[in-house]
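Report on one structure; see the data block that follows.
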Amino acid sequence: MTSEHRHPGEQLRPRLTKARLSVTVAAQALGVTRKCLSELLNGRFGVSPEMALRLAAGFPDTTPEFWLGLQMRWDLQVAREKLGPLDIKPIKEKGHD
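Here full-length UniProt numbering is used: the first residue of the sequence shown is 1, the next is one more, and so on.
If you want it as structure tokens, here you go:
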């Protein structure tokens with residue numbers, strides 16, 4: 001997949017490296033399982049609102065909106081690549097011409 005946007009896990013990994021945190025220690029600090037954090041880091045899980053709150057608390061230079069924004073952009077990119085061009089005509093509301 002030629003990606004314009006990266007999965008949030010790819011953007012989280014350098015933060016753990018910079019902080020010299022193992023996945024296990026970071027997961028404990030965030031209050032999640034090691035498996036949960038590993039799945040996020042490897043792109044198999046996305047960032048939920050709950051995880052966004054945890055990440056923002058653990059990395060106070062970020063916000064929940066930052067993490068959810070990364071996830072939203074990733075999800076939209078994946079959907080666009082999956083669907084390709086859409087052949088959908090605009091829907092006109094009744095009473096409006």
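For every residue, glycine included, the Cβ atom is placed at its ideal position computed from N, Cα and C.
Only a predicted model underlies this, so the values are computations on that prediction, with no experimental measurement involved.
Where residue i falls: helix, strand or coil (DSSP)
i	result
Asp87	coil
Glu39	helix
Val47	coil
Gly69	helix
Glu4	coil
Arg20	coil
Gly9	helix
Glu81	helix
Val32	coil
First and last residue of the uninterrupted alpha helix (DSSP H) at residue i
i	result
Pro60	No alpha helix (DSSP H) contains Pro60, which DSSP labels as neither H nor E.
Distance between beta carbons of residue j and residue i, contact taken as under 8 Å
i	j	result
Leu12	Leu40	7 Å
Val23	Arg34	6 Å
Pro64	Leu53	5 Å
Ala29	Gly58	6 Å
Sequence-distant residues of its chain with Cβ nearer than 8 Å to residue i (five each side left out)
i	result
Gly43	His7, Gly9 and Glu10
Neighbourhood of residue i by C-beta, 6 Å cutoff - its chain only, sequence neighbours within 5 removed
i	result
Ser38	Val23
Gly46	Gln71
Gly84	none
Arg73	His5
For residue i, the nearest candidate out of the options (CA to CA)
i	options	result
Leu16	Pro90, Gly84, Leu55 and Lys89	Leu55
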